[in-house]
Every structure is written in structure tokens, then in C-alpha cells.
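Asks: For the sequence shown, our numbering begins at 8 and goes up steadily by one. Here it is, the structure, as C-alpha cells.
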Amino acid sequence: MQNLIIIDNSRFISLKIRIDLFKRLSKDYKVKLYYLREDSKIKENIYISDNFSTQRLGLITFIKLITQIYRTDKILTFTIRPLIIGFLLKHICPRLSLYPTITGTGPLIDSNNWIYKCLRFFYPIILSSAQHIFFHNRDDANYLTKKNKKQNFTITGGSGIEISQKKSTKINYKIPENIPKIACFSRLIIDKGILHYLKATEIIFKEYPFMKDNIYLAGIKYKGNFKNNTLNDSDLQKWEKAGGIYIGQPSNVKAFYSSIDIICLPSFREGLSNVLLEAGNADCLLMSTNVPGCIDIIENDCGIVFEPRSTESLYKALKKVIFLPINEQIKFKNNLFEKNIKKFSKQRVIQDYLNIIN
8 MQNLIIIDNS
18 RFISLKIRID
28 LFKRLSKDYK
38 VKLYYLREDS
48 KIKENIYISD
58 NFSTQRLGLI
68 TFIKLITQIY
78 RTDKILTFTI
88 RPLIIGFLLK
98 HICPRLSLYP
108 TITGTGPLID
118 SNNWIYKCLR
128 FFYPIILSSA
138 QHIFFHNRDD
148 ANYLTKKNKK
158 QNFTITGGSG
168 IEISQKKSTK
178 INYKIPENIP
188 KIACFSRLII
198 DKGILHYLKA
208 TEIIFKEYPF
218 MKDNIYLAGI
228 KYKGNFKNNT
238 LNDSDLQKWE
248 KAGGIYIGQP
258 SNVKAFYSSI
268 DIICLPSFRE
278 GLSNVLLEAG
288 NADCLLMSTN
298 VPGCIDIIEN
308 DCGIVFEPRS
318 TESLYKALKK
328 VIFLPINEQI
338 KFKNNLFEKN
348 IKKFSKQRVI
358 QDYLNIIN
């Protein structure tokens with residue numbers, strides 16, 4: 008049995024959304040997951056199979072890994088830092104097959120920060136050492152492979168979701184009998200478009216007072232980011248006074264989606280939005296920006312589209328969705344249900360990996 012090393016940023020994220028892929032790979036390989044960051048949310052050991060183990064990758068562990076790397080056959084990485092580590096291991100042991108997964112590029116492509124400018128230069132060089140690359144959206148794939156037309160890559164449906172076996176029986180809303188509940192579920196940072204959401208919904212509260220206490224914000228106050236990318240508490244408090252409800256991180260995500268009619272994601276860029284996938288699978292109506300990682304899900308009449316970084320565009324989209332006729336709601340949801348089955352199921356994503364890695 009061959010040895011497969013997986014390197015990921017977060018143990019929690021890795022075991023939360025990729026566990027089914029790891030289970031399947033451990034049937035064919037002896038798998039070792041190295042993670043860069045421990046998370047308090049998962050402290051206990053999770054049993055996947057006798058062929059699967061996990062370990063945090065610190066300096067000492069990395070040195071030990073280098074001494075044992077010649078026993079390894081393949082490396083699968085997720086996100087940027089694990090890719091760089093995989094690239095170094097590949098150069099130490101050239102016979103290794105490297106399979107990076109680009110889950111998203113964040114500000115890499117658009118930022119004028121000198122760090123990101125350097126990364127834009129070196130990224131294609133690093134990726135050129137890969138046997139095959141997995142991307143979560145077509146824009147990232149087109150941008151990062153344009154300098155190497157011979158680069159092999161696959162665009163997967165993100166990490167995939169468990170598709171509902173049957174469509175939900177959630178009741179469609181209609182003003183004034185059934186007022187819709189709208190929510191944005193995201194890390195509370197500027198790049199997720201949260202400020203535009205707060206400002207646009209404040210206008211909605213003034214114009215349509217019946218929407219007060221029916222518009223929500225969910226997610227954690229994210230501190231591990233640049234200061235100018237962090238939402239101020241004062242902005243959130245002002246919004247709550249205007250009529251919004253901040254609920255923090257939902258303890259039961261499925262119950263949260265079941266209680267919401269419309270999920271809004273005003274992000275500036277995503278890898279492939281798991282929130283939109285999960286919410287759509289829970290029969291929520293989707294509205295999001297025309298950006299990579301969001302438009303891949305809601306294009307072709309699978310949701311309401313608006314422009315990024317624009318409070319006015321979001322405000323107009325909110326007005327449209329609040330009064331959306333029931334037949335339009337049904338059309339969007341049916342289209343999304345069919346797309347999820349074809350492109351975003353876990354089974355489809357796992358098969359994409361198996362087709363290449365095996």
C-alpha cells in the first residue's frame with residue numbers, strides 16, 4: 008500500500024468538510040494528515056480508519072518528515088501555506104507526485120500589497136512542479152494556469168456537500184402574509200462585504216419597517232486578520248439599533264438554515280462558498296455577488312446576483328428578493344437543486360480526486 012501525505016491549514020476545517028474524501032482515500036493508501044493549526048473546536052481524536060492518522064506540523068515534526076519523505080509516494084495539499092510546504096518536499100524528493108488544491112486565492116489576485124505581488128510572481132512557478140492541480144472555481148484556474156498552458160488541472164465542486172435526497176417542503180414567503188427572514192452568514196470581515204450588508208439593510212429598515220427583526224447576521228467576529236479588514240463593534244451595534252439581529256455563530260447550522268428564507272453573501276471573492284452550497288441544499292433562496300466562487304453557484308438563474316463592493320446594488324437586490332413572486336422563488340430553487348446534484352455533490356468531488364490521484 009502506497010503512502011499519501013495530506014497537508015492542510017486547519018485540523019477543524021479539514022476534518023469537518025473533507026472527512027469523506029479522507030475516508031475514501033484511506034481505502035487505497037496509508038494516509039497521514041499534517042495540519043498547521045490546532046483548533047479548540049476538535050480536541051478529541053476522530054477515528055477514520057486504521058490507515059489514517061493526524062499530527063500537527065511544527066518545526067520538529069517537519070524535520071522528522073523530511074527524514075522520512077523517501078517513504079512517501081504522493082502529497083495532497085489544501086490552501087497556500089501547505090502548498091509551499093509540499094513544494095519544498097517535492098524539491099527534496101523529486102520523485103514525489105504533488106497534488107495541490109487551490110481552495111481560493113483571497114486578495115492574492117487583486118491586492119496591490121507587495122507581499123501579494125511577490126506571491127503572484129512565484130505562484131505559477133510553485134504550481135509548475137505539481138502533477139495535477141485541483142481548483143475550486145474556474146477564475147482561479149484560468150488565472151493561475153495562463154502562463155503554463157500544459158498544466159494539468161481539474162475544477163472540482165469545492166469540498167462537496169451531501170445532497171438532500173428530496174427537495175424541502177419549506178413554505179415560500181409572500182408579503183404581507185409571510186414576511187421573509189434574510190440572513191448573511193460569514194466571518195465578520197470587510198472582504199466578505201459585511202459593511203455593505205449592514206448599510207444596505209439599514210436602508211431597507213427605513214423603507215420597509217416590517218423587515219425589522221427579520222434580517223440577521225451570523226458568524227464569528229474574526230480577529231486573525233489585518234486591522235483594516237476587521238468589522239468594528241460600533242458598526243454592528245448601530246445596525247442592531249436600526250433593527251438587525253446579530254446571532255453570532257449558530258450552534259446548529261442545519262436548524263439555522265431551516266429558519267431562514269434567504270441567504271445573502273456579499274463577498275468580494277470566494278474559493279467556492281460552502282455557505283451558499285449548504286444554504287441552497289437547505290432550500291434557502293440565494294443572493295450573492297458576481298465574483299469567483301459565488302457566481303459559479305448562482306449563475307444561470309440559481310439565485311439573485313448583485314455587484315460586489317456596492318451598497319446600492321445590494322439594496323436593489325434586497326428590494327427585488329423581498330417581493331419576489333412565488334413562481335420565481337420556485338424556479339431559482341429548482342434550478343439550484345439540479346445544479347447541486349450535477350456539480351457539487353460529495354460523491355462527484357471524491358470521484359474527481361480518485362480519477363486523478365489513483
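Glycine included, every Cβ here is placed at the ideal spot set by N, Cα and C.
With H, G and I counted as helix, E and B as strand and the rest as coil, what does DSSP make of D15?
Replies: Reduced to three states, the DSSP call for D15 is strand.
Asks: Taking only runs of the beta strand (DSSP E) that begin and end inside the stretch 230-265, which ones reach a length of at least 3 residues, in chain order?
Replies: Correct list: 252-255.
Asks: Looking at the unbroken beta strand (DSSP E) that takes in I311, where does it start and where does it end?
Replies: Unbroken beta strand (DSSP E) run through I311: I311 to F313.
Asks: With a Cβ-Cβ cutoff of 8 Å, do T163 and H143 count as a contact?
Replies: It is a contact, given that the beta carbons lie within the stated cut-off.
Asks: Taking the beta strand (DSSP E) that S295 falls in, what are its first and last residues?
Replies: Unbroken beta strand (DSSP E) run through S295: L292 to T296.
Asks: What residue range does the alpha helix (DSSP H) around S320 cover?
Replies: Unbroken alpha helix (DSSP H) run through S320: T318 to I329.
Asks: I need the DSSP call for L40, collapsed to helix, strand or coil.
Replies: Here L40 sits in strand by DSSP.
Asks: Assuming the contact rule is C-beta atoms closer than 8 Å, E298 and E319 should be a hit. Round their C-beta distance to whole Å, please.
Replies: Note that residue 298 is Val in the sequence shown here, rather than Glu. That pair is no contact at about 17 Å.
Asks: Taking all protein chains shown into account, do 16 or more other C-beta atoms lie within 10 angstroms of the C-beta of I5, making it buried, or fewer, making it exposed?
Replies: Since the first residue of the chain shown is 8 and the last is 365, residue 5 is not available in this structure.
Asks: A207 by DSSP, collapsed to three states: which one?
Replies: In this structure, A207 counts as helix in the three-state DSSP scheme.
Asks: Is the beta carbon of N341 closer than 8 Å to that of N307?
Replies: No; because the gap between Cβ atoms is not below 8 Å, this pair is not in contact.
Asks: Using the Cα positions of K346 and G111, report the straight-line distance between them to the nearest angstrom.
Replies: Computed Cα separation, rounded: 21 Å.
Asks: Go to L224, then tell me how far its beta strand (DSSP E) extends in each direction, as first and last residue.
Replies: Unbroken beta strand (DSSP E) run through L224: I222 to A225.
Asks: Smallest Cα separation from I311: which of G300, L83 and L292?
Replies: The shortest Cα separation from I311 among G300, L83 and L292 belongs to L292.
Asks: Which same chain residues end up closer than 6 Å to Y322 when comparing Cβ atoms and leaving out the 5 residues on each side of it in sequence?
Replies: Closer than 6 Å at Cβ, skipping near neighbours: A207 and I210.
Asks: Rounded to a whole number of angstroms, what is the C-alpha to C-alpha distance between I182 and S317?
Replies: When rounded, the distance between both Cα atoms is 26 Å.
Asks: Under the rule that 16 or more other beta-carbon atoms within 10 Å means buried, what is A6, buried or exposed?
Replies: With the chain running from 8 to 365 in the structure shown, residue 6 is simply not present.
Asks: Out of curiosity, what's the CA-to-CA distance linking I133 and Q62?
Replies: Approximately 25 Å, taken between the alpha carbons.
Asks: DSSP on Q138, reduced to helix/strand/coil?
Replies: Three-state DSSP puts Q138 in coil, outside helix and strand.
Asks: What residue range is occupied by the uninterrupted beta strand (DSSP E) comprising R63?
Replies: Residues F59 to R63.
Asks: Count the CB pairs spanning the stretch 95-104 and the stretch 19-33 that are closer than 8 Å, and state whether there are at least three.
Replies: With the cut-off at 8 Å, the stretch 95-104 and the stretch 19-33 do not touch.
Asks: Ignoring anything shorter than 4 residues or poking outside the stretch 96-168, list the alpha helix (DSSP H) runs there in chain order.
Replies: The qualifying runs are 121-134 and 145-152.
Asks: If we ignore side chains and look at the alpha-carbon of each, how far apart do L243 and L224 end up?
Replies: Taking the straight line from one Cα to the other gives about 9 Å.
Asks: Run through DSSP, which three-state label would F217 get?
Replies: Of the three classes helix, strand and coil, the one that applies to F217 here is helix, per DSSP.
Asks: In the DSSP assignment, find the unbroken alpha helix (DSSP H) run with I70 in it and report its ends.
Replies: From DSSP, the alpha helix (DSSP H) with I70 extends over L66 to Q75.
Asks: I need the straight-line Cα distance from Q158 to F129, nearest angstrom please.
Replies: About 15 Å.
Asks: With 8 Å set as the bound, which would you pick, yes or no: does the beta-carbon of L272 sit closer than that to a beta-carbon of chain B?
Replies: This model lacks chain B altogether; it includes just one protein chain.
Asks: Using DSSP with H/G/I as helix, E/B as strand and the rest coil, what is K228?
Replies: In this structure, K228 counts as coil in the three-state DSSP scheme.
Asks: Just verifying my parser: in three-state terms, what is the DSSP assignment at F85?
Replies: In this structure, F85 counts as strand in the three-state DSSP scheme.
Asks: Work out the CA separation of T296 and Y7 for me, nearest whole Å.
Replies: Examination of residue 7 is not possible in this model, given that the chain is present from 8 through 365 alone.
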